[in-house]
Amino acid sequence: MQHLQLLVAVALATALVATPAPARAQSLPPLGQDERGWRHAASVFLFAPLRTTGTSTVAGQSVELDLDIGDVLDVLEFAASGRYEAWNGNFGIIVDANYVGIEQDTTLPSPLRARLDVDVRQKWFSVLGAFRVMDGTYGDSKKRYVIDLQGGLRYNSIRQEIELTNPGPVSPPVLGGDQNWIEPVFGARGMWRLNQKWTGIASVELGGFGTGGNDLQIGANVGFDYQPWENTALTFGYRYFSVDYSDTLSSGEFAYDVDQHGPYFGIKYFIQ
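Here the numbering used here is used: the first residue of the sequence shown is 2, the next is one more, and so on.
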């Protein structure tokens with residue numbers, strides 16, 4: 002059971018690599034972009050959790066987590082995250098999409114040489130409306146800043162399956178399962194121009210509020226956009242993420258209460 006718990010812990014922690022996107026794709030237009038009519042920004046990025054701590058539970062078995070980035074990457078199969086924003090005046094539409102897949106196969110060191118297969122798939126898709134509540138300047142040089150409020154819905158899908166296969170005629174049932182739910186999401190974001198190429202960004206995002214078993218999900222980040230080209234910027238910073246999810250499946254309690262923090266990196270493209 003100790004080996005089973007360890008793999009459960011790693012799988013659950015790795016599933017959180019594709020956490021909700023930092024609310025940072027830019028509604029503050031790049032210098033030189035025409036703000037009349039619609040303007041667009043698309044970004045892809047990676048969040049790298051340097052430390053993951055908390056508790057994970059599958060089939061009633063709880064494990065304390067304390068994992069570094071190496072533990073997470075060892076079992077990562079594929080991960081992709083993206084964000085799109087369209088703005089017209091002070092009104093915006095934001096679309097986020099994330100996917101991560103994990104597979105871990107091993108043979109337990111026991112006389113029966115049982116095979117353990119861990120399969121984790123996490124994906125979500127959100128649509129948010131946004132409104133710019135402040136648009137002004139600061140300092141003697143009158144550099145620009147904006148503040149946005151955001152709100153909408155997020156569809157979540159998580160598969161956490163652990164299959165223990167015995168060499169004999171009868172194998173134990175598959176533990177875990179698939180969970181799907183829709184939850185509300187609210188956020189706020191501030192951006193301020195630092196100079197011709199640099200923009201500072203800070204944001205916070207809250208979701209769940211008890212919907213679908215997700216008591217509360219928090220995402221916060223501080224970072225920068227660096228724009229060396231006319232229509233393209235590099236985005237990076239540091240992110241904190243926490244989630245408190247629990248439910249009861251046929252195989253027993255399924256839950257994770259996890260905190261993560263680490264850097265994020267990405268690239269974004271502006272379209273007029």
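Just so it is clear, CB atoms sit at the ideal spot from N, CA and C, and this is done for glycine as well.
The shortest CA-to-CA distance from R40 to any of G213, E162, F92, L129 is the one to F92.
The beta carbon of R194 sits closer than 6 Å to those of K144, R145, T200, all from its chain and outside the five residues before and after it, given in chain order. A distance below 7 Å between beta-carbons, with the five flanking residues on each side excluded, links G137 to the following residues of its chain, in chain order: Y146. Under the 8 Å Cβ criterion, the segment 209 to 223 counts as touching the segment 240 to 256, having at least three qualifying pairs. Proximity to Y270 across S44, R84, T58, I95 peaks at S44, based on C-alpha coordinates.
Per DSSP, reduced to three states, the secondary structure at G140 is coil, with no helix or strand assignment. Under the DSSP definition of a beta bridge, W182 partners with N157. In this structure, the CA atom of N222 is about 22 Å from the CA atom of G71. DSSP links G238 through a beta bridge to G224, Y265. Scanning its chain for C-beta atoms nearer than 6 Å, with the 5 sequence neighbours on each side dropped, one finds around I148 the residues V134, M135, G191, in chain order. For D72, the three-state secondary structure derived from DSSP is helix.
The Cβ atoms of L51 and F266 lie no closer than 8 Å to each other. Shown here, R194 sits in a strand according to DSSP, grouped into three states. Here R40 carries a strand assignment [DSSP, helix/strand/coil]. For L207, the enclosing beta strand (DSSP E) covers residues 199 to 208. Annotation for S57: the continuous beta strand (DSSP E) segment containing it runs 52 to 59.
Per DSSP, reduced to three states, the secondary structure at A98 is strand.
Bridge partners of S82 according to DSSP: N99. With distances taken between CA atoms, E162 lies nearest to A256 out of A256, E36, W88. When DSSP states are grouped into helix, strand and coil, S243 belongs to the strand group. With a contact defined as Cβ atoms closer than 8 Å, G38 and N89 qualify at about 7 Å. Excluding the 5 residues flanking it on each side, F126 has same chain C-beta neighbours closer than 6 Å at A98, Y156, in chain order.
The beta carbon of K198 is closer than 7 Å to those of Y227, Q228, P229 in its chain, skipping five residues each way along the sequence. Taking G61 as the centre and dropping the five residues before and after it, the same chain places the C-beta of G253, E254 closer than 7 Å to its C-beta, in chain order. Proximity to G208 across G224, N196, G188 peaks at G188, based on C-alpha coordinates. Taking a 10 Å sphere around the C-beta of I159, we find 16 or more other C-beta atoms and assign the residue as buried.
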